[in-house]
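What follows is one structure encoded as structure tokens, with my remarks underneath.
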Amino acid sequence: MSILLFQCKEKNKTNSIWLNSIKVNTFNRIQLNAMQISEIRKNQLNFYKTQKTKNTAYRKNSLKRFQSVLIDAENEIYMALQNDLGKPEYEAFLTEYFVILSELHLMIKNLTSWSKPIRVKSSLVNFPSTDYLLPEPFGNCLQISPWNYPFQLSLATLIGAVAAGNTVVLKPSEHAPNTSSLLAKLIAKAFDPEHVTVVEGTAKEAQELLAERWDHITFTGSTKVGKIIAKAAAEHLTPTLLELGGKSPCIVDQTSPIKLTAKRIVWGKFLNCGQTCIAPDYLVVHHSIKNKLIEALKKEITNAYGENPAESESYGKIAYRTHFLRMQNLIDSTTPIFGGDFNENNLYFGPTLLELESIDHPSMKEEIFGPILPILSYNSEDELIQIINKFEKPLGFYVFSKRNKFIKKLNDIFSYGGGVANDSVIQFANNNLPFGGIGHSGMGSYHGKNSFRAYTHYKPFVKRGTWIDPFIRYAPYPKSFNWLKSVLKKI
Ligand code: NAD
Numbered sequence: 000m001s002i003l004l005f006q007c008k009e010k011n012k013t014n015s016i017w018l019n020s021i022k023v024n025t026f027n028r029i030q031l032n033a034m035q036i037s038e039i040r041k042n043q044l045n046f047y048k049t050q051k052t053k054n055t056a057y058r059k060n061s062l063k064r065f066q067s068v069l070i071d072a073e074n075e076i077y078m079a080l081q082n083d084l085g086k087p088e089y090e091a092f093l094t095e096y097f098v099i100l101s102e103l104h105l106m107i108k109n110l111t112s113w114s115k116p117i118r119v120k121s122s123l124v125n126f127p128s129t130d131y132l133l134p135e136p137f138g139n140c141l142q143i144s145p146w147n148y149p150f151q152l153s154l155a156t157l158i159g160a161v162a163a164g165n166t167v168v169l170k171p172s173e174h175a176p177n178t179s180s181l182l183a184k185l186i187a188k189a190f191d192p193e194h195v196t197v198v199e200g201t202a203k204e205a206q207e208l209l210a211e212r213w214d215h216i217t218f219t220g221s222t223k224v225g226k227i228i229a230k231a232a233a234e235h236l237t238p239t240l241l242e243l244g245g246k247s248p249c250i251v252d253q254t255s256p257i258k259l260t261a262k263r264i265v266w267g268k269f270l271n272c273g274q275t276c277i278a279p280d281y282l283v284v285h286h287s288i289k290n291k292l293i294e295a296l297k298k299e300i301t302n303a304y305g306e307n308p309a310e311s312e313s314y315g316k317i318a319y320r321t322h323f324l325r326m327q328n329l330i331d332s333t334t335p336i337f338g339g340d341f342n343e344n345n346l347y348f349g350p351t352l353l354e355l356e357s358i359d360h361p362s363m364k365e366e367i368f369g370p371i372l373p374i375l376s377y378n379s380e381d382e383l384i385q386i387i388n389k390f391e392k393p394l395g396f397y398v399f400s401k402r403n404k405f406i407k408k409l410n411d412i413f414s415y416g417g418g419v420a421n422d423s424v425i426q427f428a429n430n431n432l433p434f435g436g437i438g439h440s441g442m443g444s445y446h447g448k449n450s451f452r453a454y455t456h457y458k459p460f461v462k463r464g465t466w467i468d469p470f471i472r473y474a475p476y477p478k479s480f481n482w483l484k485s486v487l488k489k490i
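Under numbering that gives the first Met the number 0, the residues of the sequence shown are numbered 0 to 490, in order.
Here is the structure:
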């Protein structure tokens, strides 16, 4: 086992070279075979059985160690995110590093109290008793993460799982190789590998991990792969947290303040070069303000990223070539009304606006997940509702309007993961709000206390008193029990 663990630590060496101004990572990792992966799982299983993670001081100390490792590695983290996604440091701080440090702070502060038995009201039927929910970890967790926020989306769930007393094997995305290998290095510094470890790799390694039996699986990624994960989990009846994607609509009605609306849409859409799972995927604008809004969007893009976003230090890049080519294909048949410029050499793809007549356009066939914003218009609320209803339940839902009745009407009709009125994406920033999807955009949620809950089984437990033993439930049963009916019906 020790040889294997040594290999796991050694495999994190990377060899990066500059090519056409993109930092390419040759990803010099040792490929783990199915047997080695199985060995990692067994080690974590045996470790979990030692009951060490049930001790809240152990969890807290592990997370504190991780906190100090992350504080020391702040600049390395920004560098990895810059190399993988061209992520500006400011964006990396706000949307990745800061999110994780505050999750860590919250867990370290609260995990002891959240782990205590929770007393619940007893039932008169069980009198005398004291009733509890006993928080217990699921056990051995597998977590598979995506490349778009590769630091934050790998660690937010991992921290929740560790705080709740689980072991974790994390498989980060191969499309953010610098962050993947940095995560492997930082996690190896902070945790015993039997407690938390990283298996780097592609779908192949993910499949090998999925062939093992886990107590919980977390997957953040596409709906398509989410279905593969759910099938693999079903084999062992393993509970899952599935954080998926979808087409998140952004509705703008005739009452919304145009300049502010445009500014907030541009920020949410082009953050991380549009590669945000909760970014507005498409706009549906009331026809009476469409032209004005389009002009305002163009202006706000220029305000944010300058006349030439390719030169902007605030604008990222597409993560990898296949994804870049997918963006190109989406606009192939159309002349954008803004942007549409790209450079395959450095995976630059400019902020792009498309004006569409109908939802038959290729960009409306799947989640865009990039810096292309299709704009549709509606005349009547019925027409608007019909458009949104053509798609699966989305992860995000945005409506810009001054009419509370209209906002309420849409909220009553549509189901979605999380929504905002008069802004976009910011639902993510409040860790009192659970983050997750519904239907094809996922199941389960996390963030803040919800992360602790997501990785905890609340074991119901009744402690019966022995000082008295009411006869009512025991056989032989009485012929008439109207008195009992009348008492119990009043409870
Ligand atoms: P993806 O589904 O292609 O990959 C995610 C992870 O799954 C990666 O680690 C990858 O190696 C692994 N994987 C890929 N194919 C697999 C297979 N056949 N079997 C097992 N594992 C496999 O997703 P992505 O391209 O990394 O991310 C984009 C998608 O993720 C978008 O749809 C986006 O909306 C969604 N997303 C959702 C959230 C959320 O919080 N709900 C966050 C980020 C991204």
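Where a beta carbon is used, it is the ideal one built from N, C-alpha and C, also for glycine.
Being a predicted model, the structure only gives us computed values, none of them experimental.
Same chain, Cβ closer than 6 Å to residue i, neighbours up to 5 away in sequence not counted
i, result
"Thr333", "Leu353"
"Gly273", "Gly369 and Pro370"
"Glu193", "Asn42, Gln43 and Phe46"
"Ala232", "Ile216 and Thr239"
Extent of the continuous beta strand (DSSP E) run through residue i
i, result
"Glu135", "Ser128 to Pro136"
"Gly496", "With the chain represented from 0 up to 490, any question about residue 496 goes unanswered, as that position is not in the structure."
"Ser423", "Looking at the DSSP string, Ser423 is not in any beta strand (DSSP E), and its letter there is neither H nor E."
"Pro176", "Looking at the DSSP string, Pro176 is not in any beta strand (DSSP E); the run it does join, the alpha helix (DSSP H), is Pro176 to Ala189."
"His285", "Tyr281 to His285"
"Thr156", "Unbroken run through Thr156 is the alpha helix (DSSP H), Gln151 to Ala162; no beta strand (DSSP E)."
"Thr239", "Thr239 to Glu242"
"Val251", "Pro248 to Val251"
"Arg472", "From DSSP, Arg472 is part of no beta strand (DSSP E); its letter is neither H nor E."
"His215", "His215 to Thr219"
"Phe460", "Thr455 to Arg463"
"Ile143", "Asn139 to Ile143"
"Lys170", "Thr166 to Lys170"
Proximal residues to residue i (C-beta, below 8 Å), its chain only, five neighbours per side dropped
i, result
"Met442", "Thr239, Leu240, Leu241, Gly435 and Gly436"
"Gln66", "Leu100, Leu103, His104 and Ile107"
"Ala229", "Thr239 and Leu241"
Range of the contiguous alpha helix (DSSP H) that encloses residue i
i, result
"Tyr492", "Because the chain here runs from 0 to 490, residue 492 falls outside it and cannot be looked at."
"Gln206", "Ala202 to Leu209"
"Glu405", "Per the sequence shown, residue 405 should be read as Phe rather than Glu. Here the alpha helix (DSSP H) through Phe405 covers Asn403 to Ile412."
"Glu354", "Where Glu354 is concerned, there is no enclosing alpha helix (DSSP H), although the beta strand (DSSP E) it sits in stretches over Thr351 to Glu354."
"Leu483", "Asn481 to Lys488"
"Ile371", "No alpha helix (DSSP H) contains Ile371, which is instead part of the beta strand (DSSP E) from Ile371 to Tyr377."
"Arg325", "Arg320 to Ile330"
"Pro40", "Before going further, note that residue 40 is Arg rather than Pro in the sequence given. Looking at the DSSP string, the run of the alpha helix (DSSP H) that includes Arg40 is Ala33 to Lys48."
"Ile437", "Here Ile437 belongs to no alpha helix (DSSP H), and DSSP marks it neither H nor E."
Inter-residue CB distance, residue i and residue j (contact presumed, cutoff 8 Å)
i, j, result
"Glu356", "Lys246", "The pair is not a contact, with the Cβ atoms about 18 Å apart (cut-off 8 Å)."
"Ile264", "Cys249", "6 Å"
"Leu181", "Ala278", "So it is not a contact: roughly 25 Å between Cβ atoms."
"Leu110", "Lys59", "6 Å"
"His456", "Ala155", "That belief does not hold up - the Cβ atoms of His456 and Ala155 are roughly 20 Å apart, past 8 Å."
"Gln151", "Thr94", "7 Å"
"Ser440", "Pro393", "6 Å"
"Gly318", "Tyr347", "Position check: residue 318 holds Ala in this sequence, whereas Gly was assumed. Ala318 to Tyr347, Cβ: 12 Å. No contact."
"Glu136", "Gly159", "Note on residue identity: the sequence assigns Pro, not Glu, to residue 136. Their Cβ separation, rounded to whole angstroms, is 11 Å, which puts Pro136 and Gly159 out of contact at 8 Å."
"Ser37", "Glu211", "6 Å"
Residue i versus residue j: straight-line alpha-carbon distance, rounded
i, j, result
"Gly220", "Gln50", "32 Å"
"Tyr57", "Trp213", "22 Å"
"Lys462", "Ser114", "19 Å"
"His360", "Asn344", "27 Å"
"Ile16", "Val119", "Here the model assigns Ile16 a pLDDT of 29, short of 50, so the residue's position is not dependable, and the following value carries that caveat. Straight-line Cα distance between these residues: approximately 59 Å."
"Tyr304", "Lys86", "14 Å"
"Thr196", "Asp468", "51 Å"
"Phe451", "Arg320", "37 Å"
"Tyr148", "Thr222", "17 Å"
"Leu375", "Asn302", "23 Å"
"Leu141", "Lys203", "15 Å"
"Leu62", "Val98", "15 Å"
"Gln206", "Glu234", "13 Å"
"Asn82", "Tyr96", "16 Å"
"Ile186", "Asn139", "16 Å"
"Phe427", "Trp266", "14 Å"
"Glu391", "Gly438", "7 Å"
"Phe92", "Ile412", "36 Å"
"Ser287", "Ile358", "19 Å"
"Phe480", "Ser121", "23 Å"
"Lys268", "Met363", "16 Å"
"Lys297", "Lys258", "11 Å"
Residue i Cβ short of 6 Å to the ligand NAP heavy atom set
i, result
"Phe368", "No copy of the ligand NAP appears in this structure; the ligands present are the ligand NAD."
Sequence-distant residues of the same chain with beta carbon closer than 7 Å to residue i, five excluded per side
i, result
"Val284", "Val251, Leu292, Ile374 and Ser376"
"Thr178", "Ala79, Leu80, Asp83, Pro149, Phe150 and Pro171"
"Tyr77", "Glu88 and Ala91"
Beta carbon proximity, residue i to chain B, threshold 7 Å
i, result
"Ser313", "Looking at the structure shown, chain B is missing, and only one protein chain is on hand."
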